[in-house]
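*Asks:* My questions all concern the structure below.
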Amino acid sequence: MTEPAVDPRTVTEAAALLRAGRLCAFPTETVYGLGADATDADAVLAIYETKGRPRFNPLIIHCADLAMAEALAEFSPLARRVASLWPGSLTLVLPAKKGNGLADVAMAGLDSVAIRVPDHALALELIAAVGRPLAAPSANPSGRLSPTTAEQVRQGFGGTVPVLDGGPCRAGVESTIIRVESERLVQLRAGAVARAEIERRLGLAVAVAEKSAAVAAPGMLASHYAPNAQMRLNAAPRDGEAYLAFGAAPDFDGVTRNLSPAADLHEAARNLFAMLHELDAAGVGVIAVAPIPEEGLGEAINDRLQRAAAPRD
Ligand code: AMP
Ligand code: MG
Numbered sequence: 015m016t017e018p019a020v021d022p023r024t025v026t027e028a029a030a031l032l033r034a035g036r037l038c039a040f041p042t043e044t045v046y047g048l049g050a051d052a053t054d055a056d057a058v059l060a061i062y063e064t065k066g067r068p069r070f071n072p073l074i075i076h077c078a079d080l081a082m083a084e085a086l087a088e089f090s091p092l093a094r095r096v097a098s099l100w101p102g103s104l105t106l107v108l109p110a111k112k113g114n115g116l117a118d119v120a121m122a123g124l125d126s127v128a129i130r131v132p133d134h135a136l137a138l139e140l141i142a143a144v145g146r147p148l149a150a151p152s153a154n155p156s157g158r159l160s161p162t163t164a165e166q167v168r169q170g171f172g173g174t175v176p177v178l179d180g181g182p183c184r185a186g187v188e189s190t191i192i193r194v195e196s197e198r199l200v201q202l203r204a205g206a207v208a209r210a211e212i213e214r215r216l217g218l219a220v221a222v223a224e225k226s227a228a229v230a231a232p233g234m235l236a237s238h239y240a241p242n243a244q245m246r247l248n249a250a251p252r253d254g255e256a257y258l259a260f261g262a263a264p265d266f267d268g269v270t271r272n273l274s275p276a277a278d279l280h281e282a283a284r285n286l287f288a289m290l291h292e293l294d295a296a297g298v299g300v301i302a303v304a305p306i307p308e309e310g311l312g313e314a315i316n317d318r319l320q321r322a323a324a325p326r327d
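Taking our numbering, the leading residue of the sequence shown gets 15, the next gets one more, and so forth.
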């Protein structure tokens, strides 16, 4: 797709694109997704091509409701209990149902499938209008910062991908991914719902996958979510750097953004990618990032920051 894209103005127009096997980016409460009909192998392949995403990295399947999700995966009683938190920023990895109609490439050939019901009115309307599950990874070139506005999607793909504009995303980081095993829950990726909150709402413990088990979520590549600038974490800014602050910030003359002057982790998560985009646009070589507490949503924020700072190929 190299032609300039014409953005859909309504859910109906966006649904028509998707039903015709085309890609269309759309808003969710976490980040913008690059959507395709998950039952259409060619459409799903176009996601991998457009993002430059490795084929072994399976996609999250977005459903309009639990009924749509139950047609795709086996829900144990435990899975059903966790799914009671839907709609929400929580993705469940479950055994795939045989013959569920999903394109094999969407699941990257695995016998499990990652599913969620997003908590975003426009996204739910769109999936319902398409009438099929949508594969939708973040709408950015693979490895780069995730987009939280329609404009960032347009910039990321040079205007070649149509975008349904629903305004800025309210959570701002990707969903939390939980694998439902026979008797326990394992977090594969920290995300927009804090693990402690999931535990509190379910009254169940959630284990954390070991780092080496990160291959269990093949998308958990070390370098990811990267801006152009290098990143220095848990750092005070030096001359010539940009500064991403959190809470009370030291005086600094350079380009600065504060994730949350009040040290609120929800606000910080919402601002994270947008502010990294902004600091990157200032063209600095290094972004220094203040320490973020490793509690609640800090787990997801620090995960994204570490990937953004990881050595790149
Ligand atoms: P994204 O859609 O880019 O936010 O990322 C999707 C994430 O879900 C990646 O980290 C994938 O590896 C992970 N994922 C998708 N399907 C599975 C699965 N069947 N098992 C484990 N992780 C999965
Ligand atoms: Mg992504």
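From the three backbone atoms N, C-alpha and C, an ideal C-beta is built for every residue, glycine too.
Remember, predicted model here, so these are calculated numbers, not experimental data.
Using a threshold of 7 Å, is the CB atom of Ser152 nearer than that to any non-hydrogen atom of the ligand MG?
*Replies:* By one-based count along the sequence shown, residue 152 stands at place 138. Yes, the beta carbon of Ser152 sits closer than 7 Å to at least one heavy atom of the ligand MG.
*Asks:* Between Glu195, Gly299, Ala223 and Ala137, which lies nearest to Gly49 when the distance is taken from Cα to Cα?
*Replies:* Within the sequence shown, numbered from 1, the residue matching residue 49 stands at position 35. Minimum Cα distance to Gly49 is reached at Ala137.
*Asks:* Is DSSP giving Pro325 helix, strand or coil here?
*Replies:* On the sequence shown, residue 325 is found 311 positions in, with the first residue counted as 1. Note: Pro325 maps to coil in three-state DSSP.
*Asks:* Counting only the same chain and skipping the five closest in sequence on each side, list residues whose C-beta sits under 7 Å from that of Ala227.
*Replies:* Taking the sequence shown and counting its residues from 1, the one referred to as residue 227 is at position 213. Note that Ala227 scores 48 on pLDDT, short of 50, meaning its location in the model is unreliable; the coordinates nonetheless yield the value given after this. Correct list: empty, nothing qualifies.
*Asks:* Taking Pro151 and Ile212 to be in contact with their CB atoms under 8 Å, please state how far apart those CB atoms are, rounded to whole angstroms.
*Replies:* Taking the sequence shown and counting its residues from 1, the one referred to as residue 151 is at position 137. Taking the sequence shown and counting its residues from 1, the one referred to as residue 212 is at position 198. At roughly 22 Å, the Cβ-Cβ gap does not stay under 8 Å, so Pro151 and Ile212 are not in contact.
*Asks:* What residues in its chain sit with their C-beta under 7 Å from that of His238, if we drop five residues either side in the sequence?
*Replies:* Mapped onto the sequence shown, residue 238 falls at position 224. The residues are Gly157 and Arg321.
*Asks:* Are Thr174 and Glu63 closer than 8 Å when you measure CB to CB?
*Replies:* By 1-based counting over the sequence shown, the position of residue 174 is 160. By 1-based counting over the sequence shown, the position of residue 63 is 49. In this structure, Glu63 does not lie closer than 8 Å to Thr174 by Cβ.
*Asks:* Please list, in chain order, all residues of the same chain as Tyr46 whose beta carbon is under 6 Å from its beta carbon, the five residues on each side excluded.
*Replies:* On the sequence shown, residue 46 is found 32 positions in, with the first residue counted as 1. Around Tyr46: Ala39, Ala153, Pro161 and Val167.
*Asks:* Quick check: is any heavy atom of the ligand MG less than 7 Å from the C-beta of Ser160?
*Replies:* The residue labelled residue 160 in the question sits at position 146 within the sequence shown. Because some heavy atom of the ligand MG lies under 7 Å away, the Cβ of Ser160 counts as near it: yes.
*Asks:* Does the ligand AMP have even one heavy atom less than 7 Å from the beta-carbon of Pro91?
*Replies:* Indexing the sequence shown from 1 puts residue 91 at position 77. Every heavy atom of the ligand AMP is 7 Å or more from the Cβ of Pro91, so no.
*Asks:* Identify every run of the alpha helix (DSSP H) within the segment 36-65, keeping only runs that are complete inside it and at least 4 residues long; order them along the chain.
*Replies:* Fully enclosed alpha helix (DSSP H) runs of 4 or longer: 55-65.
*Asks:* Are the segment 213-220 and the segment 303-321 touching by the rule of at least three beta carbon pairs closer than 8 Å?
*Replies:* No contact exists between the segment 213-220 and the segment 303-321.
*Asks:* Name the DSSP beta bridge partners of Val107, please?
*Replies:* Translated into positions along the sequence shown, residue 107 becomes position 93. Val107 is bridged to Ala128 and Arg193.
*Asks:* Check whether the Cβ atoms of Gly186 and Pro41 lie closer than 8 Å to each other.
*Replies:* Translated into positions along the sequence shown, residue 186 becomes position 172. Translated into positions along the sequence shown, residue 41 becomes position 27. Not in contact: Gly186 and Pro41 (Cβ atoms no closer than 8 Å).
*Asks:* I'd like the list of long-range same chain contacts for Ala122, defined as Cβ closer than 6 Å, with 5 residues on each side in sequence excluded.
*Replies:* Numbered from its first residue, the sequence shown carries residue 122 at position 108. So the list reads Phe70 and Pro72, once near-sequence residues are dropped.
*Asks:* Could you name the residues of the same chain whose beta carbon sits closer than 6 Å to that of Pro305, not counting the 5 residues immediately before and after it, in chain order?
*Replies:* If you number the sequence shown from 1, residue 305 lands on position 291. Correct list, in chain order: Asn248.
*Asks:* Figure out for me which residue from Ala117, Gln244, Ala204 and Glu281 has the closest Cα to the Cα of Arg146.
*Replies:* Your numbering for residue 146 matches position 132 in the sequence shown. For Arg146, the nearest C-alpha among the options comes from Ala117.
*Asks:* May I have a chain-ordered list of the alpha helix (DSSP H) segments no shorter than 4 residues that lie completely inside the segment 201-265?
*Replies:* Those alpha helix (DSSP H) runs which fall completely within the segment 201-265 and span 4+ residues are 209-216.
*Asks:* Can you tell me whether Val229 is buried or exposed? The criterion is at least 16 other CB atoms within 10 Å of its CB, across all chains shown.
*Replies:* Against the sequence shown, residue 229 aligns to sequence position 215. Reliability fails at Val229, whose pLDDT of 48 lies under 50, so the model's placement of it is uncertain and no value is given.
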